[in-house]
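**Student:**
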Amino acid sequence: TAGGVDSYEVTQRAARVEILPGTRTTIWGYEGVFPGPTIVSRRGRRTVVRHHNALPVPTVVHLHGGRTPAEHDGYPTDTVAPGGSREYRYPVEQRAATLWYHDHRLDFTGPQVWRGLAGFHLVHDDEEDALPLPRGDRDVPLMVADRSFGADGALAYPALDPSLTGMPGVRAEFMSGVLGDCILVNGAPWPTMEVSAVRYRFRLLNASNARRYELALDPPPPDGRAFVQVGGDQGLLPAPIGHDTLRIAQAERFDVVVDFSRYSVGQRVTLVNRLGSGGTARVMRFVVARRGHDDSHVPERLAEYRPLGVSEAVRRREFTFRRGGPEHHGVTPWTVDGHLFDPDRMAAEPELGTVELWRLHAQNVPHPVHVHLAPFQVRNADRYSRGWKDTVDLSSGDAVEVLLRFDGYRGRYVFHCHNLEHEDMMMMANFRVR
Ligand code: C2O
Ligand code: CU
Ligand code: CU
Numbered sequence: 069t070a071g072g073v074d075s076y077e078v079t080q081r082a083a084r085v086e087i088l089p090g091t092r093t094t095i096w097g098y099e100g101v102f103p104g105p106t107i108v109s110r111r112g113r114r115t116v117v118r119h120h121n122a123l124p125v126p127t128v129v130h131l132h133g134g135r136t137p138a139e140h141d142g143y144p145t146d147t148v149a150p151g152g153s154r155e156y157r158y159p160v161e162q163r164a165a166t167l168w169y170h171d172h173r174l175d176f177t178g179p180q181v182w183r184g185l186a187g188f189h190l191v192h193d194d195e196e197d198a199l200p201l202p203r204g205d206r207d208v209p210l211m212v213a214d215r216s217f218g219a220d221g222a223l224a225y226p227a228l229d230p231s232l233t234g235m236p237g238v239r240a241e242f243m244s245g246v247l248g249d250c251i252l253v254n255g256a257p258w259p260t261m262e263v264s265a266v267r268y269r270f271r272l273l274n275a276s277n278a279r280r281y282e283l284a285l286d287p288p289p290p291d292g293r294a295f296v297q298v299g300g301d302q303g304l305l306p307a308p309i310g311h312d313t314l315r316i317a318q319a320e321r322f323d324v325v326v327d328f329s330r331y332s333v334g335q336r337v338t339l340v341n342r343l344g345s346g347g348t349a350r351v352m353r354f355v356v357a358r359r360g361h362d363d364s365h366v367p368e369r370l371a372e373y374r375p376l377g378v379s380e381a382v383r384r385r386e387f388t389f390r391r392g393g394p395e396h397h398g399v400t401p402w403t404v405d406g407h408l409f410d411p412d413r414m415a416a417e418p419e420l421g422t423v424e425l426w427r428l429h430a431q432n433v434p435h436p437v438h439v440h441l442a443p444f445q446v447r448n449a450d451r452y453s454r455g456w457k458d459t460v461d462l463s464s465g466d467a468v469e470v471l472l473r474f475d476g477y478r479g480r481y482v483f484h485c486h487n488l489e490h491e492d493m494m495m496m497a498n499f500r501v502r
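Number 407 in the UniProt record's numbering belongs to position 339 of the sequence shown; there are no gaps in the numbering.
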């Protein structure tokens, strides 16, 4: 029913959990679990999440991909103090999509997400409900994240490790961000999932701080494409796209259907990462445990979609993400257009209800660029970046043009590199919708 409210209460707290068999790991989790509880919203019904901070540090909650009023978007300095609480109100006037929520504290997003502050937030709507896609226990969100552990099971976060940096509180510069050597899926290392020989819908999220993946199935299915993509960051694609492999950068989502009827009962199928080696070359395993009845399928048309035209853009802007710019306390800064993040500096002031064309440029190393509030379409998109998106990966030296729609709310928002260590080194800027 439209117009109602869904309410959630979430306590952010430390917990000791078993991640690696036989050891205990202290995490910081929403409700003390990692991933946090999945929040489920319905388009047209408001969702209110009351967060209590029972952690020893300030926190900020951001709904990634949310069309959220600025005061509830989780601005990096809009913190909840230890012992405090606040309500985040989401109008949910947006299409069905796989969103996620995570910490966004200025300077400390990397370590706080690394310790576990991330969870799914799914939005459903009628358009999605009408499709014959797999549902129920065959619609499975998979949060992929790499981590490193000490011998005692403790999470190791080297960028703030005083034995590496030489000084407590000093951040070591990690050019490529912090990478782990263990792959967790929904918080478990290299898990195995029993499946029936039918279609499954997997909502893949790369929640890693800094790792990119190229996912494939091993063995590949005998008759073609491993994955049929039905959605991206901001919901359903207009039509499905078949992929042999999926390239997924930090914070991106791929909503895919995998048909296990192409395998025989008893077969093991590994989800592998072509960009990894050793332990990071494997992600998880499926075991085709039984036959099953399948009345799902992937239709040729999935959702309404109107490609934006360049002529709709009322402004053109350009932003370069690079390591470089005036030195800051003797350190080379990580910048957007030569500027470190400054809450008072506006990089852009788009007008509410307009479309703009932004040319995004990456230097030194790859940068996955994420824009809050405004969904975008990538111009001349490759097969991995079709549909409405909120994050786009740029290789070093690359430039992409995106058409953004500034809709919904006025106010101050951020856009930034979603390599969380780059973000914490201040590779972030503001825009204000006026
Ligand atoms: Cu997923 Cu500004 O973040
Ligand atoms: Cu975001
Ligand atoms: Cu970056």
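Just so it is clear, CB atoms sit at the ideal spot from N, CA and C, and this is done for glycine as well.
So V125 packs on Y169, CB below 8 angstroms; how close in whole Å?
**Tutor:** What you label residue 125 is simply residue 57 of the sequence shown in a count that begins at 1. What you label residue 169 is simply residue 101 of the sequence shown in a count that begins at 1. Contact doesn't hold; Cβ gap of about 17 angstroms is too wide.
**Student:** Taking just the CA atoms, how far does L201 sit from A415?
**Tutor:** Looking up residue 415 in the sequence shown gives position 347. Looking up residue 201 in the sequence shown gives position 133. Cα to Cα, A415 sits roughly 41 angstroms from L201.
**Student:** Using 7 angstroms as the cut-off, classify the Cβ of H490 as near or not near the heavy atoms of ligand 2, replying yes or no.
**Tutor:** Stepping through the sequence shown from its first residue, residue 490 is reached at position 422. H490: no, Cβ never under 7 angstroms from ligand 2.
**Student:** Start and end of the alpha helix (DSSP H) containing V155?
**Tutor:** Residue 155 sits at position 87 when you count from the first residue of the sequence shown. Checking the sequence shown, residue 155 turns out to be Glu, not Val. E155 -> not in any alpha helix (DSSP H); beta strand (DSSP E) instead, spanning 153-158.
**Student:** Can you tell me where the beta strand (DSSP E) with L190 in it begins and where it stops?
**Tutor:** Along the sequence shown, read from residue 1 onward, the residue named residue 190 stands at position 122. That run of the beta strand (DSSP E) goes 186-192.
**Student:** Beta carbon of L272, beta carbon of V324: below 8 angstroms?
**Tutor:** Start at 1 with the first residue of the sequence shown, and residue 272 comes out as number 204. Start at 1 with the first residue of the sequence shown, and residue 324 comes out as number 256. Against a cut-off of 8 angstroms, the Cβ pair of V324 and L272 comes out as a contact.
**Student:** Return the first residue and the last residue of the beta strand (DSSP E) that H170 is part of.
**Tutor:** Position 102 of the sequence shown, counted from the first residue, corresponds to residue 170. 165-171 is the span of the beta strand (DSSP E), which, as asked, contains H170.
**Student:** What are the start and end residues of the beta strand (DSSP E) that includes E469?
**Tutor:** Taking the sequence shown and counting its residues from 1, the one referred to as residue 469 is at position 401. Start and end: 467-474.
**Student:** For G178, report the span of its alpha helix (DSSP H) as first-last.
**Tutor:** In the sequence shown, the residue the question calls residue 178 occupies position 110. 177-182 is the extent of the alpha helix (DSSP H) around G178.
**Student:** What residue ranges within the region 241-306 form continuous beta strand (DSSP E) runs of no fewer than 3 residues, ordered along the chain?
**Tutor:** For the region 241-306, the full-length beta strand (DSSP E) segments reaching 3 residues or more read 250-253, 260-264, 267-274, 281-286, 295-300 along the chain.
**Student:** How would you label V73, buried or exposed, when you count the other beta carbons within 10 angstroms and need 16 or more for buried?
**Tutor:** Along the sequence shown, one-based indexing puts residue 73 at 5. Under this definition V73 is an exposed residue.
**Student:** Which one of K457, D249, A449, H429 has the shortest CA to CA distance from H440?
**Tutor:** If you number the sequence shown from 1, residue 440 lands on position 372. When only C-alpha atoms are compared, the closest one is K457.
**Student:** Check whether the Cβ atoms of G218 and A227 lie closer than 8 angstroms to each other.
**Tutor:** Walking along the sequence shown from the start, residue 218 turns up at place 150. Walking along the sequence shown from the start, residue 227 turns up at place 159. No, the pair does not count as a contact, with Cβ atoms beyond the cut-off.
**Student:** Any heavy atom of ligand 2 closer than 7 angstroms to the CB of H132?
**Tutor:** In the sequence shown, residue 132 corresponds to position 64, counting from 1. Yes, since a heavy atom of ligand 2 falls inside the 7 angstroms radius drawn around the Cβ of H132.
**Student:** Count the other CB atoms, across all protein chains shown, that sit within 10 Å of the CB of P150; report buried if there are 16 or more and exposed otherwise.
**Tutor:** Your numbering for residue 150 matches position 82 in the sequence shown. Exposed: under 16 other Cβ atoms inside 10 Å.
**Student:** I'd like to check one pair, P144 with L185: are the Cβ atoms closer than 8 angstroms?
**Tutor:** Taking the sequence shown and counting its residues from 1, one reaches residue 185 at position 117. Taking the sequence shown and counting its residues from 1, one reaches residue 144 at position 76. No, Cβ-Cβ distance for L185 and P144 is not below 8 angstroms.
**Student:** Which two residues bound the contiguous alpha helix (DSSP H) that contains E386?
**Tutor:** The residue given as residue 386 occupies position 318 in the sequence shown. From DSSP, E386 is part of no alpha helix (DSSP H) but of the beta strand (DSSP E) over 381-391.
**Student:** Cβ of V482 versus every heavy atom of ligand 1: is any distance shorter than 7 angstroms?
**Tutor:** For this step, residue 482 is matched to residue 414 along the sequence shown. The beta carbon of V482 sits closer than 7 angstroms to at least one heavy atom of ligand 1.
**Student:** So, are the CB atoms of V382 and V423 less than 8 angstroms apart?
**Tutor:** Taking the sequence shown and counting its residues from 1, one reaches residue 382 at position 314. Taking the sequence shown and counting its residues from 1, one reaches residue 423 at position 355. Yes.
**Student:** Quick check: the region 261-271 against the region 206-222, are there 3 or more CB pairs under 8 angstroms?
**Tutor:** Yes, the region 261-271 touches the region 206-222.
**Student:** Taking 8 angstroms as the threshold (C-beta atoms), are N121 and V148 in contact?
**Tutor:** Here residue 148 refers to the residue found at position 80 of the sequence shown. Here residue 121 refers to the residue found at position 53 of the sequence shown. It is a contact, given that the beta carbons lie within the stated cut-off.
**Student:** What distance in whole Å lies between the Cβ atoms of A222 and T94, which are believed to be in contact at a cut-off of 8 angstroms?
**Tutor:** Taking the first residue of the sequence shown as 1, we reach residue 94 at position 26. Taking the first residue of the sequence shown as 1, we reach residue 222 at position 154. Confirmed, about 7 angstroms.
**Student:** Using the three-state DSSP reduction, which class does E424 fall into: helix, strand or coil?
**Tutor:** To locate residue 424, count along the sequence shown from 1; it is residue 356. Note: E424 maps to strand in three-state DSSP.
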